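Okay, so here's the structure we're looking at.
Residue numbers (our numbering): 26 to 221.
Take a look at the structure:
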């Protein structure tokens, strides 16, 4: 019973679109990063030569800070065709969450853009649970979009696995970047430096 209540509370915290508050975080000098690609603190960006910080925001729900999000991509970056672009989405968690809750919420958000069968959702949930662990405050998960191939995931700068499915990747990154996102203000902040 207690676990169910905690899971429900976590889902509410992460979803709460109508009650969410976003604060645009100032774009740091890292915006011009990095001709060499990876920085010592972000080896996951090695797959994105000339990546730069496009935008960032903090998701806060009911006064609880959930995570800071940052979008990295090589220039030029066209938000309208994000599904065909190499990019990295970094989430720095400000609270603890169970992997199962993250997977469930991710699938719910992915279904906002397109119907997903129960069988497909079960496969994708298993993939998410394979590559995303329980998170603790301070953990960083970065998803790297590989257009036409799928997504690679990194946890605190270490590779945690790949999901070799282009449809999964398009819908997963669409949680934040699709016009159908439940968090349009977060999308706007993440795309602030895209020139759109």
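Cβ atoms here follow ideal geometry from the backbone N, Cα and C, with glycine treated the same way. Quick caveat, the model's predicted, so the values are computed rather than measured.
- Distance from the CA atom of residue 99 to the CA atom of residue 169, rounded to whole angstroms, is 12 Å.
- Our two residues, residue 159 and residue 166, have alpha carbons roughly 11 Å apart in a direct line.
- Exposed is the label assigned to residue 142, since fewer than 16 other Cβ atoms lie within 10 Å of its Cβ.
- Within 10 angstroms of the beta-carbon of residue 151 lie fewer than 16 other beta-carbons, which makes it exposed.
- The count of Cβ pairs closer than 8 Å, one atom from the segment 88-99 and one from the segment 107-117, reaches three, so the stretches are in contact.
- Residue nearest to residue 153 within the set 89, 129, 107 is 129 (criterion: CA-CA distance).
- For residue 93, the beta-bridge partners assigned by DSSP are 83, 117.
- Only residues of its own chain outside the window of five on either side were considered, and among them 68 have a CB closer than 6 Å to the CB of residue 182, listed in chain order.
- Straight-line spacing of the CA atoms in residue 197 and residue 132 works out to 8 Å.
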